[in-house]
Structures are given as C-alpha cells and as structure tokens.
Amino acid sequence: MSTKKKFPTRCVHEGEIKDTMYQGIVSPLFMSTTYPWFGGDAEKKPYPRYFNTPNQEFLSKKIASLENGEKALIFTSGMAAISTSIMANVRSGDHVIFQEDLYGGTRNFIKTEFDKYGIEYSFTKGLESEDFKNEIKDNTVGIYVETPSNPLLKIVDLKSVSSIAKQNSIWTMIDNTFASPVNQNPIDHGIDIVIHSATKYLGGHSDISAGAVVSTEENINLILNSAKNFGGNLSDYTVWLLERSMKTLFIRVREQTNNAKLLAKMLDENSNISKVYYPGLESHPSHEIAKNQMKGFGAMMSFDLNKDIDVYKFLKNLKVIKPGMSLAGVETTVNFPMKTSHGLLTQDERDNQGIGNKLIRLSVGIESYEDLYNDLDQAIKNSSE
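Sequential numbering from 166 applies to the sequence shown in our numbering.
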C-alpha cells in the first residue's frame with residue numbers, strides 16, 4: 166500500500182518546518198540572511214542567493230511533491246523562473262521550439278534576449294504533434310509549451326510532444342500556471358521541466374509575486390547553477406507567505422474550477438458573446454485531449470464580446486468582478502489581453518494568435534457563480550456601443 170499522502174493532505178502538510186522550540190503548528194520563519202561557515206563547502210551552507218535557506222528548502226519540497234517531481238526551486242516571479250530555466254538549458258548556436266500561443270511576457274523575453282546570445286528559435290504554426298516535429302533542426306535542444314495557453318486556452322497534447330522530444334533527445338519545458346498542480350501534472354505525461362508563476366494559483370490571494378520550477382534533481386541542479394548567478398531568489402518572508410497560501414491550494418482551485426465550468430456554459434449560451442474559449446466545453450477543439458491529461462479544466466477562460474458591445478463600457482460596468490492585470494486570486498477578475506498581457510506583441514502577432522479587440526480574459530474566483538454570472542450579464546447588456 167502506498168504511503169504517499171493524498172494531494173489535499175500534501176498541500177497542507179508537505180514541506181512543513183517543525184517548530185522545535187515552541188511546538189507551534191505553523192512553520193517558523195527564518196529571516197536571517199547570514200549563517201555561520203566554518204570550512205567545508207560554502208554553497209552547502211544556508212544563503213538566500215543559493216536558494217537553500219530553511220524556508221526556501223522546505224517549501225520547495227511541497228511544490229515538488231504537488232507536481233510529482235524530485236526537486237524544486239522558488240523564484241521572485243514567474244518570468245524569473247522561465248528565463249532562468251531556459252537560459253540554463255541553452256547556449257549560443259542552439260535552437261529552441263516554442264508553441265505559437267504563449268504568454269506575452271514569455272514571447273517578449275524570447276524576442277528581446279535570444280538574439281543577443283546567438284540562440285535560435287522558431288514558433289510552431291499550430292498545436293498538432295506534426296507542427297512541433299516539423300520545426301526540429303540539427304541544433305534543436307528543446308521544446309517549450311504552455312497548456313492551457315494564455316489567453317485563448319489552447320491545448321497541447323503533452324504525451325505527444327514528450328514522445329517527439331524523447332525520440333530526438335531534446336528537453337521539454339512547460340508553463341503550467343493556468344492549470345495549476347491541482348488540475349494538471351505534466352511530469353506524469355513525460356514533460357521534463359514544469360514552471361509556475363506562483364504569483365497566480367500557488368499564491369492565490371493577489372498579494373505575492375513568485376515563481377517556481379520543478380524537475381528531476383539533475384535538471385534542478387543545472388538550473389540552480391544559473392539561478393545563483395542571476396540572483397532571482399525570493400525573500401524568506403514571501404516564501405513563508407507562499408507556504409501559508411498553498412495550504413488552501415486544493416480547495417481554492419477546486420471551487421474556482423467548479424465555478425468556471427458553470428460560467429463557461431452560461432456564457433456560451435449568451436447571445437451577446439460570440440465565442441467562449443474554455444477546454445471544458447465540448448465545443449472546444451481540443452476538449453478530448455484536455456479531458457485525457459487534465460484532472461479538471463481549470464478556472465481560466467476567455468470570450469469574445471459581440472461587435473456591438475463596447476469593451477471599455479463593459480469593464481466599467483462590472484460591479485462584483487474587478488479588472489486586474491494578474492489572475493488566479495480568490496476574487497474574480499477580468500483582463501483585456503490586447504492592452505495588457507499581450508500588449509507588447511505586434512498587431513500581426515496578436516492577429517496570428519487570434520487575440521482580437523473584443524477578447525476578454527476571465528479568471529474565475531470563489532464567489533457565488535450566480536452573482537458572477539449576473540454581474541457579467543448586466544455589464545454586457547449595459548455596454549452597447
């Protein structure tokens with residue numbers, strides 16, 4: 166019989182630090198940035214930039230456990246985790262394949278930084294296995310995906326991509342932020358390295374900026390070598406706050422996902438909305454793939470308002486739901502990707518991805534879904550151009 170605890174239990178108890186002085190049930194916070202060193206290997210002594218202070222090390226165990234990985238690192242932001250993980254695995258002359266649909270910050274990083282270091286890259290023309298296979302070159306070293314994707318919730322078949330990568334001896338990396346470990350564990354489908362913007366679901370309260378990466382011990386040690394140089398370690402106080410937040414990860418995301426399923430169906434039937442993007446809908450082109458590799462369809466969705474609805478009026482007319490730059494908090498928020506998350510892309514790039522001027526991204530919270538739907542419905546009805 167397996168002794169591994171169930172997911173909700175690991176959210177609460179994995180990676181706890183025992184309070185040996187007072188026996189408190191909450192992990193103590195170790196704020197020191199300086200620990201004694203008397204010979205030996207300095208990098209094995211606790212030091213914030215080495216990602217090995219007590220709070221960093223113990224929370225990393227929780228995150229690794231929830232993603233079924235061997236080891237994890239915690240960063241100051243999702244982009245710190247993404248950029249460090251990628252740069253640790255490439256060198257000048259290498260080529261990396263990225264799916265076409267990516268978070269705008271990731272795409273901007275690729276376009277801004279890769280050319281400086283002589284790193285080649287290409288974007289797929291689609292999300293089928295052949296689209297990735299067709300981009301492989303002699304100098305290709307890795308494939309980077311994001312599923313569900315930001316902001317159109319497109320789905321990549323993880324087992325297929327992993328199989329292609331293994332056949333060609335290249336690594337795979339995924340941004341798993343939208344799904345969260347509650348709804349998807351890419352390592353179980355053969356993906357090598359899993360990244361999260363912990364600012365989102367892992368933090369879950371819109372008050373923490375953090376990132377995380379999970380993989381094998383060998384891969385994490387490679388990333389750590391670069392991480393120590395780039396200096397993207399998170400403060401121990403924020404690490405402590407993140408651990409506190411992650412104790413409720415399962416119940417938060419489960420409720421958010423349940424709300425999202427109901428809202429997606431309601432919005433899909435609303436005549437003022439031309440299209441809903443949510444993998445839980447049977448009309449979603451990759452619904453079956455999502456059903457096979459996800460435990461739940463997540464709490465993120467997007468939708469296109471009809472052409473006669475004014476986007477800015479809609480945003481201003483919302484009463485319960487808040488416009489916001491980020492996502493995945495306990496409160497429901499909306500975002501206008503064209504001006505925010507994907508504002509750094511060119512118009513052609515947005516057009517190629519299908520990000521139009523009526524697209525709204527919705528991050529579903531834990532409120533009553535009836536209140537959320539009523540708020541969306543009244544805002545739409547009162548926003549005609």
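C-beta: ideal position from N, C-alpha, C; glycine also.
Quick check: the stretch 424-435 against the stretch 381-396, are there 3 or more CB pairs under 8 Å? no
Have a look at Gly376 and Ile247 and give me their C-alpha separation to the nearest angstrom. Within the sequence shown, the letter at position 211 stands for residue 376. Within the sequence shown, the letter at position 82 stands for residue 247. Approximately 8 Å, taken between the alpha carbons.
* Give the DSSP-derived three-state secondary structure of Arg256 in the structure shown. => Residue 256 sits at position 91 when you count from the first residue of the sequence shown. Of the three classes helix, strand and coil, the one that applies to Arg256 here is coil, per DSSP.
If we call anything under 8 Å between Cβ atoms a contact, is His260 one with Glu222?
The count along the sequence shown starts at 1 and reaches residue 260 at position 95. The count along the sequence shown starts at 1 and reaches residue 222 at position 57. Going by C-beta atoms, His260 is not nearer than 8 Å to Glu222.
- Task: Could you say which of His361, Ile474, Met465, Asn333 lies nearest to Gly445 if we only look at CA atoms?
- Result: Position 280 of the sequence shown, counting from 1, holds the residue named residue 445. It is Met465.
Contacting residues, own chain, Cβ-Cβ under 7 Å from Phe195 (five flanking each side not counted)
Here residue 195 corresponds to residue number 30 of the sequence shown, with the count starting at 1. Answer for Phe195: Thr218, Pro219, Asn220, Asp401, listed in chain order.
message = Quick check on Lys331: buried or exposed, where buried means 16 or more other Cβ atoms within 10 Å of its Cβ?
response = Locating residue 331 in the sequence shown gives position 166, counting from the first residue. Lys331 comes out exposed.
- Look up Tyr309 in the DSSP assignment and give the residues it is bridged to. If you number the sequence shown from 1, residue 309 lands on position 144. Note: Tyr309 sits in a beta bridge opposite Phe263, Met338.
As an exercise, report each continuous beta strand (DSSP E) stretch of at least 3 residues that is fully enclosed by the stretch 200-240, in chain order. 236-240
Original post:
If we count Cβ pairs, one from each stretch, closer than 8 Å, do we get three or more for the stretch 261-271 versus the stretch 303-315?
Top reply: yes
- Do you know offhand how far Asn457's Cα is from Leu480's? Position 292 of the sequence shown holds residue 457. Position 315 of the sequence shown holds residue 480. Going by the C-alpha atoms only, they are around 35 Å apart.
Three-way DSSP call (helix, strand, coil) for Asp469 in this model:
Counting from one through the sequence shown, the residue named residue 469 turns up at place 304. Looking at Asp469 - three-state DSSP - the assignment turns out to be strand.
Practice task
List in chain order: all unbroken beta strand (DSSP E) runs of 3+ residues lying wholly within the stretch 436-519.
Solution key: 438-442, 465-470, 498-500
Q. Which of the three DSSP states, helix, strand or coil, is assigned to Tyr285?
A. Working through the sequence shown from its first residue, we reach residue 285 at position 120. The amino acid occupying residue 285 in the given sequence is Glu; Tyr does not appear at that position. Here Glu285 sits in strand by DSSP.
Q) Whose C-beta lies closer than 8 Å to the C-beta of Ser242 among residues of the same chain, with five residues either side of it excluded? A) Translated into positions along the sequence shown, residue 242 becomes position 77. So the qualifying residues of the chain are Ser362, Thr364, Ser374, Ala375, Gly376, Gly397.
Note the first and the last residue of the continuous alpha helix (DSSP H) segment covering Ser528. Mapped onto the sequence shown, residue 528 falls at position 363. From DSSP, Ser528 is part of no alpha helix (DSSP H) but of the beta strand (DSSP E) over 524-528.
Checklist line | Alpha-carbon to alpha-carbon, Asp357 and Phe288 | finding: As a working mapping, residue 288 is identified with position 123 in the sequence shown. As a working mapping, residue 357 is identified with position 192 in the sequence shown. Each residue's Cα considered, the two are about 20 Å apart.
Ordered along the chain, which non-local residues of its own chain (more than five positions away) have a Cβ less than 7 Å from that of Lys412? Looking up residue 412 in the sequence shown gives position 247. Excluding positions up to five away in sequence, the list reads Cys176, Val177.
Distance, Cα to Cα, Leu231 vs Lys170? For the purposes of this step, residue 231 is taken as the residue at position 66 of the sequence shown. For the purposes of this step, residue 170 is taken as the residue at position 5 of the sequence shown. Near 10 Å, if we compare the C-alpha coordinates of Lys170 and Leu231.
Drop a sphere of 10 angstroms on the beta-carbon of Asp340, count the other beta-carbons inside from all chains shown, and report buried for 16 or more, exposed for fewer.
Translated into the one-based positions of the sequence shown, residue 340 becomes position 175. The residue is buried, with at least 16 neighbouring Cβ atoms inside 10 Å.
How big is the Cα-Cα spacing for Glu535 and Pro211? Locating residue 535 in the sequence shown gives position 370, counting from the first residue. Locating residue 211 in the sequence shown gives position 46, counting from the first residue. C-alpha separation (whole angstroms): 49 Å.
Any idea if Ile190 is buried or exposed, counting beta-carbon neighbours within 10 angstroms, 16 or more meaning buried? As a first step, residue 190 is located in the sequence shown; it is residue number 25 there, counting from the start. So Ile190 counts as exposed.
Contact set for Ser548: own chain, Cβ-Cβ below 7 Å, skip 5 residues either direction: One-based indexing of the sequence shown puts residue 548 at position 383. Cβ neighbours of Ser548 beyond the five flanking positions: Ile474, Asp475, Lys478, Phe479, Asn482.
- Item | Separation of Ser325 from Glu447, as counted between CA atoms | Position 282 of the sequence shown, counting from 1, holds the residue named residue 447. Position 160 of the sequence shown, counting from 1, holds the residue named residue 325. For Glu447 and Ser325, the distance between alpha carbons rounds to 21 Å.
### Start and end residues, alpha helix (DSSP H) containing Val347
Taking the sequence shown and counting its residues from 1, one reaches residue 347 at position 182. Looking at the DSSP string, the run of the alpha helix (DSSP H) that includes Val347 is 345-348.
Inset, instruction - Give me the Cα-Cα distance between Gln518 and Phe468, rounded to the nearest whole angstrom. - result: Taking the first residue of the sequence shown as position 1, residue 518 is located at position 353. Taking the first residue of the sequence shown as position 1, residue 468 is located at position 303. Distance between the alpha carbons of Gln518 and Phe468 is about 14 Å.
His370 (DSSP reduced to helix, strand or coil):
Taking the first residue of the sequence shown as position 1, residue 370 is located at position 205. Correct three-state label for His370: coil.
Judging by CA-CA distance, which residue of Asp433, Gly258, Gly461 is the nearest neighbour of Thr422? Residue 422 sits at position 257 when you count from the first residue of the sequence shown. Ranking Asp433, Gly258, Gly461 by Cα distance to Thr422 puts Gly461 first.
task = Pick helix, strand or coil for Gly376, following the three-state DSSP scheme.
result = Walking along the sequence shown from the start, residue 376 turns up at place 211. Strand at Gly376.
- Task: Using the Cα positions of Lys298 and Thr337, report the straight-line distance between them to the nearest angstrom.
- Result: Looking up residue 298 in the sequence shown gives position 133. Looking up residue 337 in the sequence shown gives position 172. For Lys298 and Thr337, the distance between alpha carbons rounds to 13 Å.
Am I right that Pro316 and Pro502 are in contact with their C-beta atoms under 8 Å? What's the rounded C-beta distance? Within the sequence shown, the letter at position 151 stands for residue 316. Within the sequence shown, the letter at position 337 stands for residue 502. With a Cβ gap of about 4 Å, Pro316 and Pro502 count as contacting.
Report buried or exposed for Ser197, applying the criterion of at least 16 other Cβ atoms within 10 angstroms of its Cβ.
Here residue 197 corresponds to residue number 32 of the sequence shown, with the count starting at 1. Looking at its Cβ environment, which holds fewer than 16 other Cβ atoms inside 10 Å, Ser197 is exposed.
Per-residue burial, Asn129 [other beta carbons within 10 Å of its own, 16 or more giving buried]:
The requested residue 129 is not part of the displayed model; the chain covers only 166 to 550.
task = Could you spell out where the alpha helix (DSSP H) holding Ile275 opens and where it closes?
result = Here residue 275 corresponds to residue number 110 of the sequence shown, with the count starting at 1. From DSSP, the alpha helix (DSSP H) with Ile275 extends over 269-278.
For this session: Using alpha carbons as the reference points, say which of Gly291, Arg526, Lys290, Gly258 lies closest to Asp280.
Result: Within the sequence shown, residue 280 is the residue found at index 115, counting from 1. Cα-wise, what sits closest to Asp280 is Gly258.
Best match in Ser491, Thr498, Met490, Phe172 for proximity to Lys484 [C-alpha to C-alpha]: Here residue 484 refers to the residue found at position 319 of the sequence shown. Of the candidates Ser491, Thr498, Met490, Phe172, the one whose C-alpha sits nearest the C-alpha of Lys484 is Thr498.
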